[in-house]
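Its first residue numbered 1, the sequence shown is counted upward by one per residue in UniProt numbering. Here is the structure we will look at, set down as structure tokens.
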Amino acid sequence: MFWASYLLAALAVLLAWPVPVLLSKARWTARAPMAALILWQAIALAGGLSMIGAMLTWGLEPLGENLLAGLRGLAGLLVGRPAGPATDHGLDPVHVFALSAALLLTVHLVFTLLLTYLRIRRQRNRHRDLLNLLSSPSAHSPATLVISHPAPVAYCLPGGEGPVTVLSEGLLELLSPEELDAVLTHERAHLAQRHDLLLLAFAAWRTALPWLPTSQLAQRAVSELTEMLADDAALGSARRETLIRAIAVVASGGRDAGAAALPPAGPAAGLPGAAEAEAASTAHRLRRLLTPQPALAAGGQSLVVLGAALLLSVPTVLLIAPGLAG
Numbered sequence: 001m002f003w004a005s006y007l008l009a010a011l012a013v014l015l016a017w018p019v020p021v022l023l024s025k026a027r028w029t030a031r032a033p034m035a036a037l038i039l040w041q042a043i044a045l046a047g048g049l050s051m052i053g054a055m056l057t058w059g060l061e062p063l064g065e066n067l068l069a070g071l072r073g074l075a076g077l078l079v080g081r082p083a084g085p086a087t088d089h090g091l092d093p094v095h096v097f098a099l100s101a102a103l104l105l106t107v108h109l110v111f112t113l114l115l116t117y118l119r120i121r122r123q124r125n126r127h128r129d130l131l132n133l134l135s136s137p138s139a140h141s142p143a144t145l146v147i148s149h150p151a152p153v154a155y156c157l158p159g160g161e162g163p164v165t166v167l168s169e170g171l172l173e174l175l176s177p178e179e180l181d182a183v184l185t186h187e188r189a190h191l192a193q194r195h196d197l198l199l200l201a202f203a204a205w206r207t208a209l210p211w212l213p214t215s216q217l218a219q220r221a222v223s224e225l226t227e228m229l230a231d232d233a234a235l236g237s238a239r240r241e242t243l244i245r246a247i248a249v250v251a252s253g254g255r256d257a258g259a260a261a262l263p264p265a266g267p268a269a270g271l272p273g274a275a276e277a278e279a280a281s282t283a284h285r286l287r288r289l290l291t292p293q294p295a296l297a298a299g300g301q302s303l304v305v306l307g308a309a310l311l312l313s314v315p316t317v318l319l320i321a322p323g324l325a326g
């Protein structure tokens, strides 16, 4: 596993900095948002697996030729039954440190994901309780609540007693029926495609590794791509001009417009620069709709998905393949 640990470390560095930076600047992602989302998820998963795997394989190197053999050797060492000659002298402090670091990083990532889930769930429950007091059901749209607020506000709230779309009276006064339908379709696409789970995972990644600049890049890129997917869903039933006007009206109010009455409920709520990132995302979405580009060819999208699968397979193979002890 000697060479495997170095290869995993190199892959972790590539996926932690240059690869996400290049992807965040790529222009093709707006033409294939679903494929780009798959690639971002593969980068995050492969990056985390490579970071943990590099330390794990380095620590287990004296105990076996691959991860499984090393873990068996470690188990035998812990219970006082060495699995072979390599375990006769135990582990030196350097390898113990590597194993400890791998364990701590794994626990940190899992614990942060759990805490992020609990925090967002608590925020949404509190938000839903306030909505029950401050909103009324829409007379024309099912699973839609209306809050009494003059600013144009539209968002979706998953979970709880059931997913709902929230609109403000100010928005209803400004939008035509066609524009309102476009907004509702957009928000319901978020709920149907469960974008909240994807955003939660990347919010947890940013919280767990705030010192990693690419965790912020990834969260912003994924948030923008989910908005583009919802826009594409709305274009299935609305004219492009109608959707553009609706987005512009909603953007003029912003999500913070309802902050005086309701707490933020999204995964990015409270993060530094969230308002600026949302403004930039809206500008990119409007530019994409105003100057539409053809979707990336099916062959190109298939190559992206294949690349994502290969990216995930590399650390997996390096972890379990024998003969890499060097």
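We put the beta carbon where it would ideally sit given N, CA and C, even for glycine. Just so it is clear, the structure is predicted and the values come from calculations on it, not from any experiment.
key: Inter-residue spacing [alpha-carbon to alpha-carbon] between R126 and G162   = 14 Å
query = Between which two residues does the alpha helix (DSSP H) containing V146 stretch?
reply = From DSSP, V146 is part of no alpha helix (DSSP H) but of the beta strand (DSSP E) over T144 to I147.
ask   = What's the C-alpha gap between R239 and L191?
value = 22 Å
task = List in chain order: all unbroken beta strand (DSSP E) runs of 3+ residues lying wholly within the UniProt domain "Peptidase M48" (122 to 202).
result = 135 to 137, 144 to 147, 154 to 157 and 164 to 168
Nonlocal neighbours in the same chain, by C-beta distance under 6 Å from R31, ignoring five residues either side = Q293, A295 and L296
query = Nearest-angstrom Cα distance between T282 and V222?
reply = 13 Å
ask   = Ends of the alpha helix (DSSP H) at V79?
value = Segment: none, V79 is in no alpha helix (DSSP H) and carries neither H nor E.
inquiry  = Applying the 10 Å Cβ sphere with the 16-neighbour rule, what's the burial state of V96?
reply    = exposed
inquiry  = Suppose contacts are defined by Cβ-Cβ distances below 8 Å. Is A42 in contact with A298 by that definition?
reply    = no
message = Check whether the region 97 to 116 and the region 128 to 135 touch, using three or more Cβ-Cβ pairs below 8 Å as the test.
response = no
ask   = Which value, in whole angstroms, describes the spacing of the CA atoms of T29 and G80?
value = 53 Å
Beta-carbon proximity list for A257, same chain, < 6 Å, skipping 5 on both sides = Confidence at A257 is low in this model, with a pLDDT of 43, below 50, so its placement is unreliable and no value can be given for it.
key: Residue range of the unbroken alpha helix (DSSP H) whose run includes Q301   = A298 to I320
request  = Assign L197 to one of two classes, buried (16 or more other C-beta atoms within 10 Å of its C-beta) or exposed (fewer than that).
outcome  = exposed
key: Other residues of its chain near R250: CB distance less than 8 Å, five sequence neighbours each side excluded   = Before going further, note that residue 250 is Val rather than Arg in the sequence given. Closer than 8 Å at Cβ, skipping near neighbours: P152, V153, A154, L171 and V183.
message = Assuming E61 is part of the alpha helix (DSSP H), what are its boundary residues?
response = Premise fails: E61 is in no alpha helix (DSSP H) and is neither H nor E.
message = Please state whether the Cβ-Cβ distance between E61 and S100 is less than 8 Å.
response = no
task = Report buried or exposed for V317, applying the criterion of at least 16 other Cβ atoms within 10 angstroms of its Cβ.
result = exposed
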